[in-house]
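Some notes on the structure that comes next.
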Amino acid sequence: MDTQMTISVRDLVSYVYRTGSIDERFQTNTALVEGTAIHQEVQKKYKEKDESEVFLEYEFYQEGVNLKVQGRCDGLLDTEEGPVIDEIKSTSRDLDEIDGTTYPLYWAQAKGYAFIYAAKEELQKIQVQLTYVQKRTKEKKRILRTFTYEELHQFMHETVSEYTSYARILLHIREQKEKTVPDLNFPFPSYRDGQRKLAGSVYRTIEEKRNLFAQAPTGIGKTISTLFPAIKALQLEGLERIYYLTAKTITRATAEEALLKMQEMGLKLRSVTLTAKDKICFQEETICQPDYCEFADGYYDRINGAIVDILLHETQMTRPVIESYARKHKVCPFEFSLDLTDVSDVIIGDYNYIFDPRVSLKRLMPDRKKKTALLVDESHNLVERAREMYSASITKQSYESVAAEWEGEEDHLVKVAEAIGKDLERFYSPTEEFLQLEQVPGELEENMERFLSEAESLLQENTEGERSERLVDVYFQSQRFLKILEYVDEHYRLLGESTREGDFVLKLFCLDPSHVLRETTKTFRSGVFFSATLSPFAYYKEMLGGTKDDYILHLPSPYDSSQIDVMITPLSTRYKSREKTVGELTKRLYDQVELHEGNNLFFFPSYHYMEMVYREFKNVFPVDAVMQERGMDEERREDFLAQFEEGGRLVGFAVLGGIFSEGVDLRGDRLNGVAVVGIGLAPRSFEKELIKEYFNQKGRNGYDYAYVYPGMNKVLQAGGRLIRSEEDHGSIQLVDDRFLSRKYLQLLPDDWGNYRIIK
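Take the sequence shown: its position 363, counted from the start at 1, is 363 in full-length UniProt numbering, and no numbers get skipped.
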C-alpha cells in the first residue's frame, strides 16, 4: 500500500482540534478561512520586507505513514525580534471579547505554520500572531505569542500522532479506488446509440480541463454516460472528486443507482448524497442550538468517531445510511453529510451547493475546486434557478415588525430597524405599483449592516421564542440582500414594488445569470452541462455561461420516429378562449385515450385550467382519472406515480413545468400517451418584461429569451416523459394553434417532425 499522503495544515488541525457544538446560524467566524478581501487589505499594509501567502511544507514519517503537511501562511513578518507568523481572521464578534484563549483552532493552524518555518530555518523560538479584523468596523486586534521550537515540535508530534490512524483509513480508501477504477468496465452489456460518444466526450473534456455542453435525448442513459467516464477520469493526475448536481430528488436517486451498478461491477469508492437541512433534520424545528438539539450539542466531540465508522463500513452514503449513523453516534445528519464531502470521491446534491452564494460549500477552497469536476444534470433548470439564487429582496413591514416586537427591550435593534423601515417608506407609492431604482441608497446599506450586527449580538444570547425566530428570518434576508448587492452590475435591475397592503418590497433582480455561472464554473477543473432539452442550443449555452472555447455535443435521438405518434391540435388555449373550448379540448383528449390504449398524462399551464378540464372530463367520460394536488409532498408524489401500472388505463392530469413534467421515468406500458395543452408561456409580468427589454438591448430577441424558450422547454420536457427506451411506443398531442407557426415548429425535436394535424 502507498503510505504517502499530502494534507494541508488547515485540514490536519481541523480534524484533530474541532471541539464544542455546532450552531451554523450564528457562529461568528468558525470557518478557517474567510473574507479574502479583508486578508488582502491587511496584507497590502505589510512592510517592504514582509511576505504574504508563503508556501510551507514538512514531511512527517510516523507509524508507517509518510505525511506531507503543507500550506500557505497569510504573512511572514520581518521584525527586530525575529520572524513572525501572521494569521488573519475576520470576525463579527466584538474585538473586546477575543483574547489569547479564544479560537484554539486558529492558534493550532498558526502553530503548524510556525513549526514548519522554524524547522526549516533552524530557529529555537518564533513569534506567532493572530490578526483579527472586525467585519463591520474593519477594526483590528493583534495577539502575539512566542513559542519555542520544542513546544511546537511536541505540538505537531501529538497532532500528527492523533491523525495517523485516520490517515491509514484514508490511505486504504485511496488504495481501493486506485485498484478498482482502472479495471472498471461500462456496467451494461453494450452502449446504446449515442452513449459511447457522450461518455468519450465527457472523459476528454475532463482530461483537457475544458467545459462541455451536451444535449442528449431522453432515455439515452445520460446519468451512467456521464458518471462512468468521470469516474474513469479519477485516474488522471489532479482530479480528486466529482460533484453530480441536479435539481430534483428523483434524479439524485438515478445517480445513486448508477453508482450501485458500478459497485456491483467491482468499483470501490466513497460517495455521499447531500439532503436539504430542513428535510434531514431529526428535530421538529431546524434550530442548531445545543440547548435545543441533542445532535448539535457536543457535535465535534463525536463527529470523528462517526466519520471513521461510516468510512470503514459503507461506500454509498445515501440519506438513509447517513441518518442511521447519525443516530448511532448522536450527530447532526446534515453537518455529518457536509463533513463527509471532504473524504468522498463523488458528491451528489442540489445545484445550490456549488452555485448559490449563500450556501455554496465554503470548505471547497480554490485548490480543491481545481481538482473537482462538475456534472450538471438537467442543466436547463439551472438558468432560472441561478436567476433566483442571485436575486434578493427585503420588505418594509418585516423591519417594522421587528421594531414593534422588541420595543422597550432592545433599543439599538429597534432604532436601526425603524431607520430601515423609514428608508424603504420613502419609495412607497399608493399609485405606482412598480418602479426602478438607479442604486441602493448608501444610508440604507449602512443601516442594514448595523442591523445585522445588532441582531447577531442579540441572537447569540437569545434564539428562543417566536419573535426570535422571526428575527432570524429577517436577519437572513438582510444578510442575503447585502451578499447579493456585491454582485449587482449591468446584469441587474433594482426594483421596487408597492403593495396594496401598504408594504414596499425592494428587490435586486438578476436579469442575466450567465456571468455569475461562468465565473463560478471556471474555478473548477471542468464543467459538464447536460440535458435532453438544451433547445435552442445557442440560447442555453449562452445563459449557462458558455464561451467559444467550450466543447459542444448535440446527439440525435436513438429512437425511430415511428415509435411516436405526434399530433398537433390547433385549438386555442389562450386564457380568453378556455371557457369556450373546454368541451372541445376534453373530447380531443378523450379521443387520444381511445386511440391509444393504456395510461396517459395530460399537462396544463395552470392549476385552474387543469382543474376545469379535469371536472369536465370526469363528468363526461367513463375513464379512471387522477389529478395532481397543490403542494404534494414526496410521499404523495410517489403514490400518484405508483398508480400508473403496466397494462393499466389511467389518465393523469398534471401541471406543465411541475413535479411530474420532468425527471419522471415511467417506462414501458406505464405510460402510453402524453398531451401538452398550451405552449408553456409564463404570464406577462414586470420582471419578464424587464428581461425582454434587457435582451432586446443586447441584440437578441428579448421576447423569445423571456417567454418562448423557457416555455417551450417545459413542453419538450413533458413530451420527453413518453419514450424512455428502445421498446417504448406512444402518442404525443400538442394542443394549441401556435404550435403550427414557424417559430414553434422550429423548436420541435427532429423525431417529432412527422407530426399530423388533428382538425
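Note that beta-carbon positions come from the ideal geometry of N, C-alpha and C, so glycine has one too.
This one's a predicted model, so the numbers in the text were calculated from it and none came from an experiment.
Contact check, residue i vs residue j, beta carbons under 7 Å
i, j, result
"residue 617", "residue 718", "no"
"residue 407", "residue 414", "yes"
"residue 93", "residue 300", "no"
"residue 99", "residue 88", "no"
"residue 222", "residue 216", "yes"
"residue 114", "residue 152", "yes"
"residue 545", "residue 518", "yes"
"residue 529", "residue 228", "no"
"residue 40", "residue 57", "no"
"residue 673", "residue 730", "yes"
"residue 310", "residue 258", "no"
"residue 564", "residue 755", "no"
"residue 164", "residue 66", "no"
"residue 272", "residue 379", "no"
"residue 154", "residue 13", "no"
"residue 614", "residue 653", "yes"
"residue 458", "residue 410", "yes"
"residue 736", "residue 678", "yes"
For residue i, three-class secondary structure by DSSP
i, result
"residue 33", "A caution first: residue 33 carries a pLDDT of 37, below 50, which makes its placement in the model too unreliable to give a value."
"residue 600", "strand"
"residue 499", "coil"
"residue 370", "coil"
"residue 392", "strand"
"residue 83", "strand"
"residue 156", "helix"
"residue 24", "Unreliable placement is indicated for residue 24, whose pLDDT of 39 sits below 50; the coordinate value is still reported in the next sentence. Coil, per DSSP."
"residue 507", "strand"
"residue 474", "helix"
"residue 589", "helix"
"residue 651", "strand"
"residue 554", "strand"
"residue 416", "helix"
"residue 675", "strand"
"residue 261", "helix"
"residue 70", "strand"
"residue 632", "coil"
"residue 376", "strand"
Residues of its chain near residue i, where Cβ-Cβ distance is below 7 Å and the 5 sequence neighbours each way are ignored
i, result
"residue 510", "387, 390, 391, 491 and 492"
"residue 278", "286"
"residue 147", "111, 114, 125, 126 and 128"
"residue 186", "228"
"residue 34", "For residue 34, the predicted model reports a pLDDT of 43, less than 50, meaning its position is unreliable; a value from the coordinates is still stated below. Cβ within range, chain order: 90."
"residue 417", "399, 402, 403 and 451"
Proximal residues to residue i (C-beta, below 8 Å), its chain only, five neighbours per side dropped
i, result
"residue 430", "498"
"residue 581", "571, 572 and 573"
"residue 23", "Confidence in residue 23 is poor, its pLDDT being 48 and thus under 50, which makes the residue's placement unreliable; the coordinate value appears in the next sentence. Around residue 23: 288, 289, 290 and 296."
"residue 766", "Since the first residue shown for the chain is 1 and the last is 759, residue 766 is missing from the structure and cannot be characterised."
Identity of the residue in the options nearest residue i by Cα
i, options, result
"residue 660", "601, 635, 610 and 621", "601"
"residue 10", "342, 611, 608 and 174", "342"
"residue 441", "558, 292, 494 and 469", "494"
"residue 85", "59, 144 and 683", "144"
"residue 478", "456, 556, 671 and 394", "394"
"residue 331", "108, 297 and 253", "297"
"residue 55", "116, 64, 327 and 16", "116"
"residue 513", "524, 534 and 542", "542"
"residue 294", "218, 322, 329 and 208", "329"
"residue 703", "743, 554 and 759", "743"
"residue 561", "367, 501 and 732", "732"
"residue 470", "416, 59, 405 and 184", "405"
"residue 157", "327, 269 and 61", "61"
"residue 305", "327, 106 and 207", "327"
"residue 595", "566, 627, 612 and 97", "566"
Sequence-distant residues of the same chain with beta carbon closer than 6 Å to residue i, five excluded per side
i, result
"residue 397", "503"
"residue 53", "72"
Residue i CB to nearest heavy atom of the ligand NAP below 6 Å
i, result
"residue 572", "Absent from the structure shown: the ligand NAP. Ligands present: none."
Cβ contact check for the segment 607-624 and the segment 686-695: 3 or more pairs under 8 Å: no
Cβ contact (3+ pairs, closer than 8 Å) linking the segment 364-374 and the segment 230-241: yes
Inter-stretch contact (C-beta, 8 Å, three-pair minimum) for the segment 692-708 and the segment 191-208: no
Three CB pairs or more closer than 8 Å across the segment 349-359 and the segment 474-493: yes
Cβ contact check for the segment 239-246 and the segment 344-353: 3 or more pairs under 8 Å: yes
Stretch-stretch touch, CB-based, cutoff 8 Å, three pairs: the segment 260-271 with the segment 303-320: yes
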